[in-house]
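**Student:**
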Amino acid sequence: MRKQILLLALGLFTLASFAQKKELKVAERAIKKQDFTTAVASINDAEKLIANADSKLKAKFYFLKGQAFAGKKEYAIAAKAYNALFDYERQIKKQRYSSKAMPLLNALKNEVNRRAFTLNDMKNYKESSEAFYLRYTLDKKDTLYLNNAAQLAFQVKEYDKAFEYYTKLKDLGYTGIRDVFEATEVGTNEKTTFSSKREMDLMVKSGKYSNPKVAKSPSKRVDNLKVLVSILSIQKKHSEALALIQKIRKEEPNNLQLLLTEAFLYNDLKQPKKFEALMREATEKDPTNPELFYNIGIVNYNEKNIEQAIKYFSKAVELKPDFPKGNWMLANAMLLKDVELMNKMNDLPPSDMKNYDKLEKERKNLYKKTLPILEKADKQERTKSTVRLLMSIYEQLEMTDKASEMRNLLKTMN
Numbered sequence: 094m095r096k097q098i099l100l101l102a103l104g105l106f107t108l109a110s111f112a113q114k115k116e117l118k119v120a121e122r123a124i125k126k127q128d129f130t131t132a133v134a135s136i137n138d139a140e141k142l143i144a145n146a147d148s149k150l151k152a153k154f155y156f157l158k159g160q161a162f163a164g165k166k167e168y169a170i171a172a173k174a175y176n177a178l179f180d181y182e183r184q185i186k187k188q189r190y191s192s193k194a195m196p197l198l199n200a201l202k203n204e205v206n207r208r209a210f211t212l213n214d215m216k217n218y219k220e221s222s223e224a225f226y227l228r229y230t231l232d233k234k235d236t237l238y239l240n241n242a243a244q245l246a247f248q249v250k251e252y253d254k255a256f257e258y259y260t261k262l263k264d265l266g267y268t269g270i271r272d273v274f275e276a277t278e279v280g281t282n283e284k285t286t287f288s289s290k291r292e293m294d295l296m297v298k299s300g301k302y303s304n305p306k307v308a309k310s311p312s313k314r315v316d317n318l319k320v321l322v323s324i325l326s327i328q329k330k331h332s333e334a335l336a337l338i339q340k341i342r343k344e345e346p347n348n349l350q351l352l353l354t355e356a357f358l359y360n361d362l363k364q365p366k367k368f369e370a371l372m373r374e375a376t377e378k379d380p381t382n383p384e385l386f387y388n389i390g391i392v393n394y395n396e397k398n399i400e401q402a403i404k405y406f407s408k409a410v411e412l413k414p415d416f417p418k419g420n421w422m423l424a425n426a427m428l429l430k431d432v433e434l435m436n437k438m439n440d441l442p443p444s445d446m447k448n449y450d451k452l453e454k455e456r457k458n459l460y461k462k463t464l465p466i467l468e469k470a471d472k473q474e475r476t477k478s479t480v481r482l483l484m485s486i487y488e489q490l491e492m493t494d495k496a497s498e499m500r501n502l503l504k505t506m507n
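The numbering used here applies: residue 94 is where the sequence shown begins, and numbers increase by one.
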């Protein structure tokens, strides 16, 4: 009885092996004829039986599967088959098909790569992102393509995909740091970047360039983490965004860019006190950055904290005199005092002319003090707002010619 069962099992195995070989021969012939539909159908039939196949047949199956699906433009399945072949032949320590499959996989990668860049050049960013992601899946060591896919997905507001891709980059520890090959052109002293060390060395050897250097490009890690937070914020997932940025900041407590990302997240959430506290912390880390002081000035201006607003706007323009919006906001903050003076004047009884005249004089002095700052802002960046406010102050100071000039100028502005 046992002998009969064994013979039956051997018979079934032989039949299965014969069926596998038959399907693979059909697939092989179809591939040669470029009939990839038939090839894929035969591969799918063979796959149901391949688990118990011998090593030679199994390796051939993966090889043919890669070709069949590549022919159908189903590159991800094709690449998976080729990579399964490489893994399998490494495992059994016999290289029957790997050497033939490697150039086919490389050609497949190159084709997808060209398509991704062509779509990008055509400004078809959505499909370009998909192609770059496909290129990444063909060889997951090439994380640059995943980064390209993430950037383009974010650009076209495919936020779910962008979040998925950027999360993968974070989990992979992607930095994007690469070697940058630079040399100085003889005669012009201009730095030139080369695509490879070999190219740089050849140009230096030619005598046209000198001082070759291999530098490192900046890390993209923090920028990518900031995009993750931005996506959550855009999707109104504010608690998740805060949790993520706070977690990241614990890992990098001294990173100014991450601190600012958290600060502006609080600003978006209309929490000015927390925003200001973080911005103050930022000024301690970067005390010469005018934008930081400007932003603290904005918070105080919106809260009507006049003296604090003036203080921070003044510091901003001290650090950067050529700062149109800084000078403009400094002038506006100073003029908030005019409202206070007007309210005091309106509260006086008609008989108190002495204090009325005193307050009027303070107003005039305020205008005189504000005028050069406002003129500077207008000179640096003229807008309807700067011209209109200048016209008003010139009128208050009875500078009629200047007021007329601004009035006429305003009429010509669109």
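The beta-carbon is built from N, C-alpha and C at its ideal position, and this holds for glycine as well. Being a predicted model, the structure only gives us computed values, none of them experimental.
Looking only at DSSP bridge pairs, what is residue 287 linked to?
**Tutor:** According to DSSP, residue 287 bridges with 274.
**Student:** Below 8 Å on the Cβ atoms is my contact criterion, and I expect residue 198 with residue 172 to pass it. Report the Cβ-Cβ distance as a whole number of Å.
**Tutor:** 6 Å between Cβ atoms; contact.
**Student:** Quick check: the Cα distance between residue 446 and residue 503, rounded to an integer number of angstroms?
**Tutor:** Cα-Cα distance, rounded: 36 Å.
**Student:** Decide yes or no for the touch test of the segment 207-225 against the segment 241-255: beta carbon pairs closer than 8 Å, at least 3 of them.
**Tutor:** The segment 207-225, when compared against the segment 241-255, does touch it at the 8 Å Cβ threshold.
**Student:** From the DSSP output, in three-state form, read off residue 407 for me.
**Tutor:** Three-state result, residue 407: helix.
**Student:** Can you have a look at residue 145 and say buried or exposed, based on whether 16 or more other CB atoms are within 10 angstroms of its CB?
**Tutor:** Answer is exposed; the Cβ neighbour count stays below 16.
**Student:** Mapping the DSSP letters down to three states, classify residue 307 as helix, strand or coil.
**Tutor:** Looking at residue 307 - three-state DSSP - the assignment turns out to be strand.
**Student:** With three or more beta-carbon pairs closer than 8 Å as the criterion, would you say the segment 420-440 touches the segment 450-470?
**Tutor:** These segments touch.
**Student:** Out of 167, 157, 229, 166, which has the shortest C-alpha to C-alpha gap to residue 194?
**Tutor:** Per the Cα distances, 157.
**Student:** What's the call for residue 241, buried or exposed, on a 16-neighbour Cβ count within 10 Å?
**Tutor:** Label assigned to residue 241: buried.
**Student:** So the candidates are 185, 143, 470; which of them puts its Cα closest to the Cα of residue 419?
**Tutor:** Per the Cα distances, 470.
**Student:** Tell me where the alpha helix (DSSP H) around residue 365 begins and ends.
**Tutor:** Start and end: 365-378.
**Student:** My output table needs one value for residue 359: the three-state DSSP class, helix, strand or coil.
**Tutor:** Correct three-state label for residue 359: helix.
**Student:** Once the 5 residues before and after residue 276 are set aside, which same chain residues still bring their CB inside 8 Å of it?
**Tutor:** Only 284, 285, 287, 293, 296, 297, 302, 303, 304, 305, 306 meet the Cβ criterion.
**Student:** Apart from the five residues just before and just after residue 116, which ones in its own chain have a Cβ nearer than 6 Å to its Cβ?
**Tutor:** Cβ within range, chain order: 135, 138, 139.
**Student:** Rounded to whole angstroms, what's the CA-CA distance from residue 206 to residue 329? Just pull it up for me.
**Tutor:** Residue 206 and residue 329: Cα-Cα distance of roughly 35 Å.
**Student:** Is DSSP giving residue 218 helix, strand or coil here?
**Tutor:** In this structure, residue 218 counts as helix in the three-state DSSP scheme.
**Student:** Tell me the residue span of the alpha helix (DSSP H) that contains residue 492.
**Tutor:** Unbroken run through residue 492: none, as it is neither H nor E.
**Student:** Below 8 Å on the Cβ atoms is my contact criterion, and I expect residue 150 with residue 114 to pass it. Report the Cβ-Cβ distance as a whole number of Å.
**Tutor:** Between residue 114 and residue 150 the Cβ distance is about 7 Å, and since that is below 8 Å, they are a contact.
**Student:** If you compare alpha carbons, which of 272, 280, 229 is closest to residue 265?
**Tutor:** Ranking the options by Cα distance to residue 265, first place goes to 229.
**Student:** Should residue 389 go down as buried or exposed, given a rule of 16 or more other Cβ atoms within 10 Å for buried?
**Tutor:** Buried, by the Cβ-count rule.
**Student:** Assuming the contact rule is C-beta atoms closer than 8 Å, residue 352 and residue 374 should be a hit. Round their C-beta distance to whole Å, please.
**Tutor:** That belief holds up - the Cβ atoms of residue 352 and residue 374 are roughly 6 Å apart, short of 8 Å.
**Student:** DSSP state of residue 302, grouped into three classes?
**Tutor:** DSSP places residue 302 in strand when its eight states are reduced to three.
**Student:** Which value, in whole angstroms, describes the spacing of the CA atoms of residue 415 and residue 449?
**Tutor:** C-alpha separation (whole angstroms): 38 Å.
**Student:** Who are the Cβ neighbours of residue 175 in its own chain at under 6 Å, not counting the five residues just before and after it?
**Tutor:** Here the set comprises 159, 194, 198.
**Student:** Go ahead and label residue 200 buried or exposed: buried means 16 or more other beta carbons lie within 10 angstroms of its beta carbon, across all protein chains shown.
**Tutor:** With fewer than 16 Cβ atoms within 10 Å of its Cβ, residue 200 is classed as exposed.
**Student:** Can you tell me the Cα-Cα spacing of residue 435 and residue 484, whole angstroms?
**Tutor:** Going by the C-alpha atoms only, they are around 19 Å apart.
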